[in-house]
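Numbering (our numbering), first residue to last: 39 to 293. Quick reminder that beta carbons are idealized off the backbone N, C-alpha and C, glycines included. The structure under discussion appears below in the form of structure tokens.
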């Protein structure tokens, strides 16, 4: 190992550098290092190794092949399913990813096999009483892209509402939905909010706090009676039927 990297206590973990350079998720990076597929400045890396931020990282092509085999699934989640782990007797959405529920018009020719369910996890959440597009992925890069406070990926929702006060929602309250509200003591990022018809709003957000849209609506005197996510980045729900799923295509990108 070169002098700059050997046991560099003040260096950065190689797995973190791999993630920061967009090569893989942290979990994938650890798996690659453990398999001996990563070289740092020409030397095989080991788990926990620290290196200079500008070190040369080489990844064995076998790691790329393994990464390419990981699938991402687009599911039209029904009401009554939770996004992640089972809770309060409700099933997780991943239990719907079965051959019988695959959309017959899925344009992708990927063959289903049970190994694709290993590590298939939601990249973001959709509340139990909401429906629409849910992304489930084995690919840590996609999860990192879609989850977290720093994500730049838009998410679009159609939201049916009831106004709890007489008359229509004042324009000033619509402006507050767009910018000016806060949740849990933190201001919300600007959102695009517009009327689709007399009882349905369109929200476009770049964040996903817990039950965010419902809580935003409560603050301006609206009750959400139906919420459907129709788009994540460049990927739309389209004609995918409720309770069915398809694969994300090789040429589809969220941004």
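{"Asked": "Flag this pair as yes or no: are the beta carbons of residue 247 and residue 190 separated by less than 8 angstroms?", "Found": "no"}
{"Asked": "Where residue 175 and residue 157 are concerned, what is the direct C-alpha to C-alpha distance, given to the nearest angstrom?", "Found": "8 angstroms"}
{"Asked": "Is it true that the region 132 to 147 meets the region 93 to 108, where meeting means three or more beta-carbon pairs spaced less than 8 angstroms apart?", "Found": "no"}
{"Asked": "Could you check whether residue 137 and residue 119 sit closer than 8 angstroms to each other, using their CB atoms as the reference points?", "Found": "no"}
{"Asked": "With 16 other CB atoms within 10 Å as the buried threshold, where does residue 284 fall?", "Found": "buried"}
{"Asked": "DSSP three-state call for residue 189: helix, strand or coil?", "Found": "coil"}
{"Asked": "Confirm, please, whether the CB-CB distance from residue 173 to residue 24 is below 8 angstroms.", "Found": "What the structure shows of the chain is the stretch from 39 to 293, and residue 24 is not part of that stretch, so it cannot be assessed."}
{"Asked": "Nearest CA to the CA of residue 258: which residue from 236, 219, 75?", "Found": "219"}
{"Asked": "By alpha-carbon positions, which one of 84, 240, 224 ends up nearest to residue 231?", "Found": "240"}
{"Asked": "For residue 17 and residue 271, I'd like the C-alpha separation in whole angstroms.", "Found": "The structure shown does not extend to residue 17, since the chain spans only 39 to 293, so no value can be given for it."}
{"Asked": "Starting from residue 241, follow its DSSP beta bridges and name the residues at the other end.", "Found": "195, 231"}
{"Asked": "Quick one: residues in its chain with C-beta nearer than 6 angstroms to the C-beta of residue 37, no 5 flanking neighbours on either side, listed in chain order?", "Found": "Within the shown structure, residues of the chain are numbered from 39 to 293, placing residue 37 beyond reach of any answer."}
{"Asked": "Distance check for residue 264 and residue 51, CA to CA, integer angstroms please.", "Found": "45 angstroms"}
{"Asked": "Under the three-state reduction of DSSP, which class applies to residue 283: helix, strand or coil?", "Found": "strand"}
{"Asked": "Leaving out the 5 sequence neighbours to the left and right, which residues in its chain are closer than 7 angstroms to residue 77 when beta-carbon positions are compared?", "Found": "83, 96"}
{"Asked": "In angstroms, rounded to a whole number, what distance separates the CA positions of residue 12 and residue 179?", "Found": "Past the edges of the chain, shown from 39 to 293, lies residue 12, and the structure says nothing about it."}
{"Asked": "Can you tell me whether residue 210 is buried or exposed? The criterion is at least 16 other CB atoms within 10 Å of its CB, across all chains shown.", "Found": "exposed"}
{"Asked": "Please report the Cβ distance between residue 63 and residue 181, rounded to the nearest whole angstrom; I am assuming they are in contact, meaning their Cβ atoms lie under 8 angstroms.", "Found": "7 angstroms"}
{"Asked": "Between residue 87 and the rest of its own chain, which residues show a CB-CB distance below 6 angstroms, the 5 nearest in sequence each way excluded?", "Found": "52"}
{"Asked": "From this set, 256, 201, 235, which residue's C-alpha is nearest residue 221's C-alpha?", "Found": "256"}
{"Asked": "Helix, strand or coil for residue 148? Go by DSSP, reduced to three states.", "Found": "coil"}
{"Asked": "Among 94, 233, 116, 166, which has the Cα closest to the Cα of residue 126?", "Found": "166"}
{"Asked": "Can you give, in chain order, each stretch of the alpha helix (DSSP H) that sits fully within the region 54 to 127 and has at least 4 residues?", "Found": "64 to 72, 99 to 106"}
{"Asked": "With DSSP collapsed to three states, give me the class of residue 132.", "Found": "helix"}
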